[in-house]
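Everything below concerns the one structure shown next.
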Amino acid sequence: MSSRQKSILLVILLVFQSWLVIQVQPISSADGEGVSAPLRVRNTMTEFSWQPSSGGVLPSNVSLVGEWNWEVPVEMVMNTTTGFWSVELELDEGIYCYKFILEGADYIFDASNPERIYCDGVENSLARVKNHTRSTFSLELDSATGLPARILLHSGSDGSSLSTGGPQLNSGFYPGIITFNQTTEAWDIDLSVLPEGKHTFHVSGVDDDGFAAEDLLIPFWLGPQQDFIWEDALIYMVMTDRFVNGNTSNDDNSSSTAATGAGWQGGDFAGITEMIDSGYFTNLGVNALWLTPFNSAAQGSEMAGDGVHEVSGYHGYWPTAPRSVDSRLGSEAELEAMVTSAHEHGIRVMMDFVVNHVHEDHPYYSQNPEWFNQGCLCGSTDCDWNEHRLDCLFRDYMPDLDWKNRDASEQMIADGMWWLERFDLDGARLDAVKHVDDLAVYNFASRIEQRFESGGVDYYLKGETAMGWVGHELADNLGEYATINSYMGEHGLDGQADFVLYHAVVDNVLASGNMDYQHLDYWTNRSQDQYVEGAVMNPFIGSHDTPRFISRAEDSGTQWNQWVEQDRPGNPPTEAYDKARQAIGWLLTTPGAPILYMGDESGQPGGADPDNRRMMDFNLSGQGLELLNFTSELAQLRLENVALRRGAYSTYHVSENLLVFEMTLGDDSNMVVLNRGNVEQWEIPYDEVIFGDATLFDDALAISANSVTVLRHSSVPPPLTDCVTLNLSIISTPEIYDSLTEHFPKAISVFGVHLLATSGVNDETLLHAAAVMAGYLDDDSDGIANDPAVVQAMADANAAMVIPRTQYELDMIIEQLPESFYVKMDEGEFALQDLYEDEIHPGGRSANTFDATLEEVLHLITQVGYATAYPDDFAEAPGSTLAIAMDGARGGHYEENDIDDCEEEEGPCALPTGGYSESSWYHYDDGTCDYSCMATEYLYWALTTHLGAQSDSGRCYWISEEWEPCTREQLAQTDPAIVSLIESSTLARSLPSGGHCPDNPGDNDIQGCMNVNATNYNQNATVDDGSCIMPEPEPEPEPEPEPEENTELDPDSKGDNYSSESSSFTAIRIILLLILGLMIIHFAINKMRGGGLGEG
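Okay, so the sequence shown: first residue is 283 according to this note's numbering, each after it adds one.
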């Protein structure tokens, strides 16, 4: 082979090899032999990223600093497409404190990471860095079922892969359930062979170097329980020692100095299992059990809070060992059997985890005293329960854990994880949450999410943040709500015992009767709008910490007595049972995951702790048995009726002794009637009684005295009438919107006024916004606009709503729009109003979930449509009817001297220099809002109040800093001038629902010429009406004479034909050169293959 041939071959081989490297990267095994690279190899780097909050100021510099080197911040780089700042570091295995630094000075937490940790007394974000050289696993879920479908193997960063191991099922061996695919390096899962119930895969193994892989746990449910969410739960609280004695051999027979009723009484896991298997919980509609702590508890007894009586540790809240079951409750095997039986009956099991303290006999206290606070005794002089809630001791024998201590924090979380995994539990109740640092909750919740929820199962974490009752006004209790909320959120607790609701409803209405059912309804509504979004709260009427409900209802004066020598509550009278039925009727039909304390289902009596913890009595008769049957029947109805479990609460009617409300989920709804008074008759829109003894006749309901009634529609409800009948189809954004078409590609036309949306905005969101606009413009849904002049003014101005997903997305779009677009905006070619998808809440009327569509769409209609069509009345300038009414509402005429002040967000703008007068009822105080802006907001508040959108009591309080009248009646009394303007105009007479009638699309077509070349082209037309007028055709030019033939090569002599001829010639030359090149390559390859010239 010649050197030339060898060079050609070398080039070909190098090209092929580089292609091969891209496809499969070879690695070497431990013995040096080449093997195929693993498909998935762990990264050696740890990524940190930060994104500015929506609408926040964009910093020019972001850096990262952490425990690996506090002295040297690391600069982060911004991705201009996503807006994220990020950096990667190679860190050793461990946990690290870190923070982001904005502009070199502002140290902030990582908002995307809920875990926290203290370094040198300062709170930081916590980074957990795993050993990337170890193999690990990840899970893929089936997109249709949400169940585990495939487990992927990830080799360590050093290339070492798994040598032994894989997934194992905790519920037994089922052939064919797991198949390892060598090509994909993954285990394919076939769940069809498994029975219904709960199962768990544990994936583990050992790698080529003998190191254990980082394991993976995958719990999941099959069958009906797969669709369970925690709103479906009825949680039954069991104090194990006081429930059922199923195994007398484990009873505590030691001598005790505990007071009567305050010692161990023999209840155990075997007793709970016995009741599960008997069907007691199933018949009661219970599908979740919360058990008091079952860790090893203190021996002997301790002094109670009264300083007189002694109490034993039967309740479990004095732990003395981190990971052992108290033998007085049973063995580990009996606990396992109880959980297994519960799961077989579709019942989840929650443990009670003590996170605030231990007993002084606990090894953590003796071996690690630095893990504990050296605080005062809670409730003692200068040691308020709230002021010192994080460091005070409940009792001197209960050392208080310091969650700021890294070792203590990590160990306590590891213990909690151990209990959940070891006994296959489904969630936990965290005791005394308000007495621990936030990080105790958020770190524990985050670890649970990472460890247990990869298979799509939600482990429920509920807390006890025992707040009080400050007064009967919402404002009085905002602090109570805030403290409860502080522990809940996306990566925090899923819910909490609703103490505010307990005090409002049980203390003041259901037990005492001091307040009426309007009070009951008001505070039930507040539980829907005062807690963080997504929280599944726990309403309750009794607990192990409060006197028994029925004894409180009896109100004999004994309900707060505790000890046997006192006059303790006895068998309650009929009136108390009537109150219990009302209370349980309310508890089992309102939103949340209600807690039923053992014995409340049958009206067991009891005073304060420990008298409220008497041994469970199952020998029932008379009214106790009747109440149990009442509770069982209603709880079963709740279990079978999705709207009662997951529906939204809305008040239908309320009076002193009668509350009628609806629970609605989509098209499914139920009506609940609570009547603590005499016989009532009420007209209702439901036609079937499904619980209670009420009688229906001629659309009226005869309601018994002291009764609970539940109704439903016996047939499919009639089609919507409060919906838009226009054809609201999604189209491509018209070209008239210039550069916006690239960023907002889809649109809906409403009478020629467009709503534009980014590609990421949900179609249903866009349709809802369009339906709201149509509802404002055509409130009688006849397909004809209320006021064509208003619609024409908006169409002429190219008015449009622009709907991005978030303000951040809009900010990014604004940065990319060309200058020419803003020139057109300034020249009035467009009139735009923004609305973010994340502020759209269809049907939302409460303080926290108000539908902003009602505001932003109305702004566009009034600013552009009414102000243009009727300037005398609606111009947003001094002198119009609107402006005069607004000046009255604001207590005077306030207008900026220099409009640039508003544009620069400086100066007084349209605000009164000394603040609004006390007589004003519209007092918007945004300094960036000029006089025109003030008028826009004023008309929004007035019209939506007139239409009933602001009347929710929580919403009314929420908006009172800006706008005082919140009902139609209040507005009429306060501001007759604006009411007169509204009622004499063509403004909507009903509030848009945002609903759309898909089966009756109606007509939203605009007739006109649609030919863009026509002189009368209508850019807003959707149907061509044949009216197009085409321009006169221009006369054809005279034909040019044929050029004379010219054989000269001078290109100048070729005239107009030269360009095309030379282009054709160039193309031909290129093709010929390509053919020649291919022939040369073919010839060279043949020479190399066959040595055709006789070379050896």
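Beta carbons are placed, not taken as given, at the ideal position from N, Cα and C, and that holds for glycine.
message = Give the list of continuous beta strand (DSSP E) stretches no shorter than 3 residues that lie fully inside the region 442-479.
response = Correct list: 444-451, 460-463 and 468-471.
ask   = Between which two residues does the beta strand (DSSP E) carrying Arg410 extend?
value = From DSSP, the beta strand (DSSP E) with Arg410 extends over Val404 to Val411.
request  = Kindly indicate the opening and closing residues of the alpha helix (DSSP H) around Ser951.
outcome  = Annotation for Ser951: no alpha helix (DSSP H) segment contains it, though the beta strand (DSSP E) segment containing it runs Asp950 to Asn957.
inquiry  = Counting beta carbon pairs with one atom in the region 519-531 and one in the region 884-903, are three or more of them shorter than 8 Å?
reply    = Contact holds: three or more Cβ-Cβ distances are below 8 Å.
inquiry  = For a test of the three-state rule: what should DSSP assign to Trp964, helix, strand or coil?
reply    = DSSP places Trp964 in strand when its eight states are reduced to three.
inquiry  = Restricting to Cα atoms, I'd like to know which of Val590, Asn395 and Asn1080 is closest to Thr539.
reply    = Taking only the C-alpha atoms, the option nearest Thr539 is Val590.
inquiry  = Does the structure place the region 1150-1170 close enough to the region 1260-1270 that three or more beta carbon pairs sit under 8 Å?
reply    = The region 1260-1270, when compared against the region 1150-1170, does touch it at the 8 Å Cβ threshold.
task = Buried or exposed for Ser536, please, with buried defined as at least 16 other CB atoms from any protein chain shown within 10 angstroms of its CB.
result = Counting Cβ neighbours within 10 Å, Ser536 comes out exposed, since fewer than 16 surround it.
ask   = Within the 9 Å Cβ cut-off, does Tyr1198 reach chain D?
value = In the structure shown, chain D does not exist; there is a single protein chain.
key: Ile500 - containing beta strand (DSSP E), residue span   = First-last of the beta strand (DSSP E) with Ile500: Leu498 to Leu504.
ask   = Thinking C-alpha only, which one of Pro604, Glu618 and Thr542 is nearest Ala586?
value = Closest by alpha carbon: Thr542.
message = Using the three-state DSSP reduction, which class does Asp798 fall into: helix, strand or coil?
response = Coil, per DSSP.
Cα-Cα separation between Pro430 and Arg958, rounded to whole angstroms = Pro430 and Arg958 have their C-alpha atoms some 50 Å from each other.
ask   = Nearest-angstrom Cα distance between Pro829 and Asp608?
value = In a straight line, the C-alpha of Pro829 is about 27 Å away from that of Asp608.
Distance between Leu1038 and Leu1114 (C-alpha atoms, nearest Å) = Counting only the Cα atoms, Leu1038 lies some 10 Å from Leu1114.
message = If I follow the unbroken beta strand (DSSP E) through Tyr931, where does it start and stop?
response = Per DSSP, Tyr931 is one residue of the beta strand (DSSP E) stretching across Ala930 to Val936.
ask   = Is the CB-CB distance between Val568 and Ala917 below 9 Å?
value = Their beta carbons are under 9 Å apart, which means Val568 touches Ala917 by this criterion.
Alpha helix (DSSP H) runs wholly inside the region 1181-1262, at least 4 long, in chain order = Listed in chain order, they are 1182-1185, 1213-1228, 1235-1241 and 1250-1256.
task = Give, in chain order, every unbroken run of the alpha helix (DSSP H) that is at least 4 residues long and sits entirely within the region 1024-1063.
result = At a cut-off of 4 residues, the continuous stretches assigned as alpha helix (DSSP H) that sit fully inside the region 1024-1063 are 1045-1059.
key: Asp980 versus Pro967 - alpha carbon distance   = Here the C-alpha atom of Asp980 lies approximately 11 Å from the C-alpha atom of Pro967.
message = Quick check on DSSP: helix, strand or coil for Gln333?
response = Three-state DSSP puts Gln333 in coil, outside helix and strand.
Spatial neighbours of Thr1003 in its chain, beta-carbon cut-off 7 Å, leaving aside the 5 residues before and after = Low per-residue confidence applies at Thr1003: pLDDT is 46, beneath 50, and the placement is therefore not dependable enough to give any value.
query = Do Glu746 and Leu702 come within 9 Å of each other at the CB atom, strictly closer than that value?
reply = Cβ distance not < 9 Å, so Leu702 and Glu746 don't count as in contact.
query = Which runs of the alpha helix (DSSP H) fall wholly inside the region 638-680 and span at least 4 residues, in chain order?
reply = Those alpha helix (DSSP H) runs which fall completely within the region 638-680 and span 4+ residues are 645-649.
ask   = Quick one: is Ala696 buried, meaning 16 or more other Cβ sit within 10 Å of its Cβ, or exposed?
value = Exposed.
query = Between Cys660 and Leu675, which are expected to be in contact by the criterion C-beta below 8 Å, what is the C-beta distance as a whole number of angstroms?
reply = That belief holds up - the Cβ atoms of Cys660 and Leu675 are roughly 6 Å apart, short of 8 Å.
key: Run of the alpha helix (DSSP H) containing Met519, from where it starts to where it stops   = Segment Ile517 to Val520 is the beta strand (DSSP E) holding Met519; no alpha helix (DSSP H) there.
key: Per-residue burial, Leu531 [other beta carbons within 10 Å of its own, 16 or more giving buried]   = It is Ser, not Leu, that sits at residue 531 in the sequence shown. Looking at its Cβ environment, which holds fewer than 16 other Cβ atoms inside 10 Å, Ser531 is exposed.
ask   = Hey, how far is the Cα of Asp708 from the Cα of Tyr742?
value = One C-alpha to the other measures close to 7 Å.
ask   = Which residue's Cα is closest to the Cα of Leu1221: Ala1171, Gly1277 and Gly1236?
value = The option with the nearest alpha carbon to Leu1221 is Ala1171.
key: Pro575, buried or exposed, once every other Cβ within 10 Å from all chains shown has been counted against 16   = That one is buried.
message = For Trp1245 and Glu1178, what's the separation of their Cα atoms in angstroms?
response = When the Cα atoms are used, Trp1245 and Glu1178 turn out to be separated by approximately 21 Å.
message = Let me check you understand the geometry: is the CB of Val411 closer than 8 Å to at least one non-hydrogen atom of the ligand MN?
response = Within the structure as shown, the ligand MN is missing, as the structure has no ligands at all.
request  = Please specify which runs of the alpha helix (DSSP H), each continuous and at least 4 residues long, are wholly inside the region 1051-1128, giving them in chain order.
outcome  = Counting only runs of 4+ residues, the alpha helix (DSSP H) found wholly inside the region 1051-1128 occupies 1070-1078, 1089-1098 and 1101-1108, in chain order.
request  = Can you tell me which of the three DSSP states Lys716 falls into?
outcome  = The answer is helix: DSSP assigns Lys716 an H, G or I state.
ask   = Under the three-state reduction of DSSP, which class applies to Val590: helix, strand or coil?
value = In the structure shown, Val590 falls within a coil segment according to DSSP collapsed to helix, strand and coil.
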